[in-house]
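Q: Mapping of the sequence shown onto numbering that gives the first Met the number 0: position 13 corresponds to residue 12, and the numbering continues sequentially without gaps.
For each residue, glycine too, the CB sits at the ideal point set by N, CA and C.
Every value quoted in this text rests on a predicted model; they were computed, and no experiment measured them.
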Amino acid sequence: MFVEPTHKLDVLGHYCPVPVSQAKKALGKLTKGSVLMVIADDPETMHDMPILVDRLGHNLIEVQRVSGEFKFIIEVCI
């Protein structure tokens, strides 16, 4: 299922904890129903981002892995 992101966060080149902390900050500024695409290249985000999204009460719609980059599509639920 493809959902068009309403916002994009590029954290390419940054390593833990920057991608997760920046995603948390960005999600906190968005309203319910917004969709954030986070683009990262730190392999740790594959573990950390789903945990963050779950703890914050949002919905991880999709994770894409392409050429060493990870795209997380997150729906803001609260």
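Using the three-state DSSP reduction, which class does HIS13 fall into: helix, strand or coil?
A: coil
Q: In this structure, does DSSP put ILE77 in helix, strand or coil?
A: DSSP places ILE77 in coil when its eight states are reduced to three.
Q: So, with DSSP's three-state summary, where would you put LYS31?
A: In the three-state DSSP reduction, LYS31 falls in the coil class, being neither helix nor strand.
Q: Roughly how many whole angstroms lie between the Cα atoms of SER66 and ILE38?
A: The straight-line gap from Cα to Cα measures roughly 12 angstroms.
Q: Find the nearest neighbour of ASN58 within the set GLY12, CYS76, PHE69, judged by alpha-carbon distance.
A: CYS76
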